[in-house]
Amino acid sequence: MTKIDLRKTQKFEDRHNGPDQQDVAEMLKVIGLPSIDALIDETVPAGIRMKEPLNLPHPKSEFQFLKDLRQIAGHNKLFKSYIGMGYYDTIVPGVIQRNILENPGWYTAYTPYQAEISQGRLEALINFQTMVMDLTGMAIANASLLDEATAAAEAMFMFSGLKKKEKKNAHTFFVDENTFPQTIDLLKTRSIPVGINLVIGKIEELDLTNEDLYGVLYQYPAGDGSVRNLKKFTETAHANNVFVTAAADLMSLALLTPPGEMGADAVVGTTQRFGVPMGYGGPHAAYFATKDEFKRQIPGRIIGVSIDSQGNKAYRMALQTREQHIRREKATSNICTAQVLLGVMAGMYGVYHGSKGIKHISLKIHGFAQLLEKGLNSLDFKQLNEAYFDTLRIEAESSVSDKIRTIAQVNEINFRYFENGDIGISVDETTRVDDIQLILDVFAEASGQVVKFDLDSEAAGLEVELPKDLERTSDFMTHPVFNQYHSEHEMLRYIKKLENKDLSLVHSMISLGSCTMKLNATAEMVPVTWPEFGGIHPFAPLDQTKGYQMLFNDLVDWLSEITGFDDVSLQPNSGAQGEYAGLMVIRAYHESRGDMQRNVAIIPTSAHGTNPASAVMAGMKVVLVACDERGNIDVEDLKLKVEQNSNELACLMVTYPSTHGVFEESIKDICQIIHLNGGQVYMDGANMNAQVGLTSPGLIGADVCHLNLHKTFCIPHGGGGPGMGPIGVRSHLAPFLPGSPVVESGGENAITAISAAPWGSASILTISYAYIAMMGAEGLTNATKLAILNANYIKAILEKEFKILYAGSKGRCAHEMIVDCRDFKAHNIEVGDIAKRLMDYGFHAPTVSFPVAGTLMIEPTESESKVELDRFCEAMLSIRQEIQEVIDGIADEADNVLINSPHTQAMVLEGQWEKPYSREKAVYPAEYVKEAKFWPTVARIDSAYGDRNLMCSCIPVSDYAPEEAVV
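Take the sequence shown: its position 153, counting from 1, is numbered 337 in the numbering used here, and each next residue is one higher.
Below you can see the structure in the form of structure tokens.
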């Protein structure tokens, strides 16, 4: 007979954390310590350790959590939304939802820095870029940005740096007042710190001859839905050396003349209505398209076509990839996260529907708008937009508008209500005849009428038309990829074909330092696609979003407890946005005290490249502080720089544990030095995975910290995005947390918007909420301990054959370590060769050459098992032996497995094998590889060729003729 305690359930932490008790015991033997707590004592300085455990709710099982979350979701009201303003209901094709959005093969992949094992999503992003270029009429597009408002801000900033010689001192940027309010608000945020004079007014009254004017932005269709052809306006602007940017609805461009054909210099917007749920604000992929002459200045990532070592076509990230890490404070942007997963979805929506399908959807949307206008005219309501695509503006006095609002709410309908009483109605892909009937019934009831309009007969034979000067006449999306996958079976096969080209966490561990590639549990991911979370407009009335508010309140409380802070803003929708938000809050705090001169940000030389870029964007001057020979901040140099800038000191930006993977023991003293000189401490939360439950930014002495929820708190990387970067702050900074111009949110003295939506990419906050709720205080703390254990276990094994660059005073690393590969360069082996060779072993490379050139930064995370850690160590040690063969002269220095890696099937199967090593050594370098070989689909890619011959759109294979193969 067996006794069982029926009150106990399976702990979620046992599912999340990789090593079990036996694994832990064996790993500790290798490290040489009696317990995991002994390891933590040797790793985390005693002076910053928590005295009490985290105060979080008791952890829930997966089953109980999902059951309880269903109840919370039930507090959200799914009203039919006609609010528009850049967010529209859409139909997510099931084949895309199931096989991309809900597929870990797509959502657990990392940013495609290692292009040879990322060809699938790179091709998907080429499709996205091509679709955007075709629809906008522009020559080049990037591979997505965070949201429409930030894309507009990037255009404003890009053209500020590209001013014509005649206007090199101009600093005024004009925005048409009929632009979405969230975009205008974010432009205010971005313009002030960098000295751009933002002017908002009527575009028809703008004096284009103003010598101080360098750029203009307008909404197309306009914010109220009206459409104008601005070709002549654009020509006049160019005659006066003024750049023109259009913020365009991409779906409308299937019918309307594209801004590119009207001469626009840049076109920005969102692809949300291309099959991506509203999600109460995100995540969605924004787009940025511009002229070819600006390809070297375009922000974010561009996917380009290059060739591999065999002369075959291959995709890669081109030009300014990781530009902020290379140029740091001279970077033109701090963009790090792109919305890759959502960009892939939008691009696949284009592939699935094709040009004809997109045009048909656009025609139906416009047709329903025309049908609604006719019906409202029959009720004597006046529609004010002379030309429109999907949005009507109905003239109404405030008293009538209030009646309509009341009746609409009873019928679970949301309209947009203008300050003067007018009503905005935006129809979308999901609109049907019954929806139009209900809208007419609402207006009829409010005006005391009866609908006599024959809706069915009108809908059956509606003649859809646009003014000739607005109608699109050019073709778009003509490439074969948009014209051959329209059946679900073919689409499914295409998606799977691309997925199979990419290595993700479904294959093996991805041990990137500072990127925390951990388990994204299925139970955490399931709620993302629930309609109660995905189907809500970000500007819906707050009484319809009580479920979300409950979730936000809990998450703010939990993150405050974890960070040791007093309040949290959930608005920033990437880590870099979180950095910027934290600095802008610090800036507002200093200004509120009259300290306008405090504009110096002190940053260690080891910091993430986004740190100095974010500081410059926040209007700060960057002063660098050196690191000592152990990789720690040089405290004496810090004191010197602080003393030199004491009156102007705004903040210190510090990563903890350090970017070198060490808990610096002087961190509290460092924070005190800053505070004694009137500055604030901003902590980069990239390495929070080594802090949770053991210490906290608040305890250490920071004033503000951003959290990469896509790292420590389990939101998946999605091939390079989505991400979320909330900031936690002390009470004195809380009043300045960012707000929204549309929905009441933020602090009492809130700064203007950081992201377009009030709570950023709200729908994916459910993931981090789930992680914390199921792990609980003990589970989160154990996860941190195991992350540190796993890293030190790898260190103990690898340091026998590799030089580990930095360690703490007791010889321990934090949750990551840096392996120094620079000595191998003397034998013609670069760190990049090791990265490529790891592909043959079935692994993605650790972080290459950051923060130290010629090194690998390894972070295993807590969710990797000992079996997987051993496999990785076996691969690294085997590669070290291959390097030794080159050093000893056994292998040819110019022709060996390392410099020829990765090896594709074609390389080893086609033609005669002439390498000085065997085929088996090339592709089966370890026994475990034979069990489940992951084949790179292209050989080593020539990056320089791709930059010299930039092509960033789909091109027919028959048109692709590379000049030469690079051997």
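The beta carbon of each residue, even a glycine, is placed where N, CA and C say it ideally should be. From a predicted model like this one, the values you see are computed outputs, not experimental measurements.
{"Query": "Considering only the alpha carbon of each residue, which of D369, G407, E848 lies closest to I232?", "Result": "E848"}
{"Query": "Starting from F343 and walking both ways along the alpha helix (DSSP H), at which residues does that stretch end?", "Result": "332-344"}
{"Query": "Given a cut-off of 9 angstroms, decide if D1004 and K987 are closer than it, judged by their beta-carbon atoms.", "Result": "yes"}
{"Query": "Just to confirm the assignment, what range does the alpha helix (DSSP H) spanning G963 have?", "Result": "949-982"}
{"Query": "Return the residue from the list E647, D868, S562, I679 that minimises the CA-CA distance to R282.", "Result": "I679"}
{"Query": "Pick out the complete alpha helix (DSSP H) segments inside the region 438-514, 4 residues or longer, and give them in chain order.", "Result": "507-511"}
{"Query": "According to DSSP, E655 sits in a beta bridge with which residue or residues?", "Result": "L440"}
{"Query": "Measure the C-alpha to C-alpha separation of S582 and Y499 and round it to an integer number of angstroms.", "Result": "56 angstroms"}
{"Query": "I need the straight-line Cα distance from V451 to Q523, nearest angstrom please.", "Result": "18 angstroms"}
{"Query": "Which residues share a DSSP beta bridge with V740?", "Result": "DSSP output for V740 lists no bridge partner at all."}
{"Query": "Kindly confirm or deny that the region 553-565 and the region 637-647 touch, where touching means at least three C-beta pairs closer than 8 angstroms.", "Result": "yes"}
{"Query": "Per DSSP, K264 is paired with what?", "Result": "I597"}
{"Query": "My assumption, with CB atoms under 8 angstroms, is that V648 sits in contact with I588. Please give the rounded CB distance.", "Result": "Going by Cβ atoms, the distance from V648 to I588 rounds to 26 angstroms, so no, they are not a contact pair."}
{"Query": "Taking the C-alpha atoms as reference points, what is the distance between L434 and G453?", "Result": "7 angstroms"}
{"Query": "In whole angstroms, give me the CA-to-CA distance for D741 and S753.", "Result": "11 angstroms"}
{"Query": "Per DSSP, which residues does P381 bridge with? Please list them.", "Result": "Inspection of the sequence shows that residue 381 is occupied by Asn rather than by Pro. BP columns for N381 point to T356."}
{"Query": "Under 8 angstroms by Cβ, that's how I've got N155 and T700 pegged, so tell me the actual separation to the nearest angstrom.", "Result": "Residue 155 lies beyond the residue range present for the chain, which begins at 185 and ends at 1151; the question has no answer from this structure."}
{"Query": "What residue range does the alpha helix (DSSP H) around D640 cover?", "Result": "639-644"}
{"Query": "How about the region 257-264 and the region 656-663: do they share at least three Cβ pairs that are nearer than 8 angstroms?", "Result": "no"}
{"Query": "Going by DSSP in three states, S1142 sits in which element: helix, strand or coil?", "Result": "In this predicted model, S1142 has a pLDDT of only 44, less than 50, meaning its place in the structure is not dependable enough to derive any value."}
{"Query": "Based on DSSP bridge pairs, tell me the residues matched to D686.", "Result": "S302"}
{"Query": "Could you give the residue range of the beta strand (DSSP E) that holds Y404?", "Result": "397-404"}
{"Query": "Measuring alpha carbon to alpha carbon, tell me which of Y953, L253, A765 ends up nearest A802.", "Result": "A765"}
{"Query": "Determine the DSSP secondary structure at C889, reduced to helix, strand or coil.", "Result": "strand"}
{"Query": "Taking one C-beta from the region 560-575 and one from the region 226-242 each time, how about it: are there three or more such pairs within less than 8 angstroms?", "Result": "no"}
{"Query": "Can the beta-carbon of Y291 be found less than 9 angstroms from the beta-carbon of G718?", "Result": "no"}
{"Query": "If you follow the alpha helix (DSSP H) that T367 is part of, which residue opens it and which one closes it?", "Result": "365-375"}
{"Query": "Could you give the first and the last residue of the continuous beta strand (DSSP E) run that contains Q864?", "Result": "864-868"}
{"Query": "DSSP has P788 in a bridge; who is on the other side?", "Result": "V809"}
{"Query": "Looking only at its own chain, which residues have a Cβ that is under 6 angstroms from the Cβ of V1141, when we skip the five neighbours before and after it?", "Result": "With a pLDDT of only 45 at V1141, under 50, the local geometry of the prediction cannot be trusted, and the value read off the model is given with reservation. No residues qualify anywhere along the chain."}
{"Query": "Would you check if there are 3 or more beta carbon pairs closer than 8 angstroms linking the region 938-958 to the region 788-806?", "Result": "no"}
{"Query": "Using three-state DSSP, classify G608 as helix, strand or coil.", "Result": "strand"}
{"Query": "Here's the rule: buried if 16 or more other CB atoms are within 10 angstroms of the residue's CB, otherwise exposed. What is I380?", "Result": "buried"}
{"Query": "What three-state label does DSSP hand Q313 in the structure shown?", "Result": "helix"}
{"Query": "Note down the Cα distance separating P722 from D738, rounded to an integer number of angstroms.", "Result": "19 angstroms"}
{"Query": "Since A971 and H999 are thought to touch, with beta carbons under 8 angstroms apart, how far apart are those beta carbons, to the nearest angstrom?", "Result": "4 angstroms"}
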